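Participant:
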Amino acid sequence: MDNFSNRLMDKQKYNFKGYSSNGQEFNHLLYADDVLVFGKNSIQNAKNFKLIMEDFAKASALCFNPNKSTIIFSPRAGNTREICSILGISNMAESFTYLGIPISIKRLSASFFQPLLDKISGLLDGWKVKFLSMAGRIQFLKFSIANTLAYWIRGAIIPKSVCKFIDRICSRFLFSW
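According to UniProt numbering, the sequence shown holds residues 1 to 177 in order.
1. Under the assumption that Pro159 contacts Ser109 (Cβ atoms under 8 Å), give the Cβ distance between them as a whole number of angstroms.
2. Nearest by alpha-carbon distance to Met1: which of Lys11, Ile43 and Asp55 is it?
3. How about Leu124 and Phe165: do their beta carbons lie closer than 7 Å?
4. Using DSSP with H/G/I as helix, E/B as strand and the rest coil, what is Ile71?
5. What is the C-beta distance between Met92 and Phe73, in whole angstroms, given that I count them as a contact (C-beta under 8 Å)?
6. Who are the Cβ neighbours of residue 241 in its own chain at under 7 Å, not counting the five residues just before and after it?
7. Spell out the partners DSSP gives Lys162 in its beta bridges.
8. Taking the straight line between their C-alpha atoms, what separation do you get for Asn45 and Leu87?
9. Check whether the Cβ atoms of Asn48 and Phe16 lie closer than 7 Å to each other.
10. Should Ala83 be labelled buried (16 or more other beta-carbon atoms within 10 Å of its own) or exposed?
11. Would you mind giving the Cβ-Cβ distance between Asn22 and Gly39, rounded to the nearest angstrom? I have them listed as a contact below 8 Å.
12. At the level of alpha carbons, what is the spacing between Leu29 and Phe175?
13. By the 10 Å Cβ neighbour count, where 16 or more other Cβ atoms means buried, how is Arg7 classified, buried or exposed?
14. State the beta-bridge partners of Phe26 as determined by DSSP.
15. In whole angstroms, give me the CA-to-CA distance for Cys63 and Gly78.
16. Please state the DSSP three-state secondary structure of Phe113.
17. Quick check on this structure: which residue in Ser144, Asp33, Leu132 and Ser85 has the alpha carbon closest to the alpha carbon of Ser60?
18. Quick check: what's the CA-CA separation for Cys163 versus Thr97?
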């Protein structure tokens, strides 16, 4: 994937324009074989990105799957159909899930966090509270629930209502006898 990364950053050959903020430009995030690409919304940039993908496929025999790919545009974006056509991606969305975390350009509602609530509820329900001391319950919350929350917080802003629900079920777990 270093090869793909280098191609995205090669301004002389490909000239792919990423997202700029505060003078810094970034254009991709990699995790194993999963890639998030950020780019300027233009026909030329889409053509440049397509060339990068084609050259990478020739060099590595690894191809992207347009059926497993999703593209998100800002609400004011133009040329969306043309860009999707150039890239061969038909799946346009307002949000998607990446590594289990919802990703969106809009503020996420509480319903997007149902998998998190289900996971935490499942972790808490799996333990028989009466068999754990207070210290054991605190350790469980600290290392299991807090780590799950830390993973989600890295990728999304959790709504206050979801945080309150998590506080409530953790308190119930901690103080139930």
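Every residue, glycine too, gets a C-beta built ideally from N, C-alpha and C. For clarity, every value in this text was computed on a predicted model and none was experimentally measured.
Facilitator: Taking the structure as given:
1. For the purposes of this step, residue 159 is taken as the residue at position 159 of the sequence shown. For the purposes of this step, residue 109 is taken as the residue at position 109 of the sequence shown. Indeed they touch by this definition, with Cβ atoms about 7 Å apart.
2. As a working note, residue 1 is residue 1 in the sequence shown. Comparing Cα positions, the closest option is Asp55.
3. Sequence index remark: in the sequence shown, residue 124 carries index 124 (1-based). Sequence index remark: in the sequence shown, residue 165 carries index 165 (1-based). Contact flag unset, no.
4. By 1-based counting over the sequence shown, the position of residue 71 is 71. Here Ile71 sits in strand by DSSP.
5. Taking the first residue of the sequence shown as position 1, residue 92 is located at position 92. Taking the first residue of the sequence shown as position 1, residue 73 is located at position 73. Rounded, the Cβ-Cβ distance is 7 Å, consistent with contact.
6. A question about residue 241 goes unanswered here, because the residues of the chain that appear run from 1 up to 177.
7. As a first step, residue 162 is located in the sequence shown; it is residue number 162 there, counting from the start. According to the sequence as given, residue 162 is Val; it is not Lys. In DSSP, Val162 forms no bridge with anything.
8. Numbered from its first residue, the sequence shown carries residue 45 at position 45. Numbered from its first residue, the sequence shown carries residue 87 at position 87. Distance between the alpha carbons of Asn45 and Leu87: 11 Å.
9. Residue numbering aside, residue 48 sits at position 48 when the sequence shown is read from its first letter. Residue numbering aside, residue 16 sits at position 16 when the sequence shown is read from its first letter. Cβ atoms of Asn48 and Phe16: closer than 7 Å.
10. Taking the sequence shown and counting its residues from 1, one reaches residue 83 at position 83. In the sequence as displayed, the identity of residue 83 is Ile instead of Ala. It is buried - the Cβ of Ile83 has at least 16 other Cβ atoms within 10 Å.
11. To locate residue 22, count along the sequence shown from 1; it is residue 22. To locate residue 39, count along the sequence shown from 1; it is residue 39. Not a contact, Cβ separation roughly 18 Å.
12. Against the sequence shown, residue 29 aligns to sequence position 29. Against the sequence shown, residue 175 aligns to sequence position 175. C-alpha separation (whole angstroms): 42 Å.
13. Counting from 1 along the sequence shown, the entry for residue 7 is found at position 7. With 16 or more other Cβ atoms within 10 Å, it is buried.
14. The count along the sequence shown starts at 1 and reaches residue 26 at position 26. In DSSP, Phe26 forms a bridge with Tyr19.
15. In the sequence shown, residue 63 corresponds to position 63, counting from 1. In the sequence shown, residue 78 corresponds to position 78, counting from 1. Between Cys63 and Gly78, the C-alpha separation is close to 27 Å.
16. As a first step, residue 113 must be located in the sequence shown, where it is residue number 113. Note: Phe113 maps to helix in three-state DSSP.
17. Walking along the sequence shown from the start, residue 60 turns up at place 60. When only C-alpha atoms are compared, the closest one is Asp33.
18. Position 163 of the sequence shown, counted from the start, is the residue given in the question as residue 163. Position 97 of the sequence shown, counted from the start, is the residue given in the question as residue 97. The alpha-carbon atoms of Cys163 and Thr97 are separated by roughly 20 Å.
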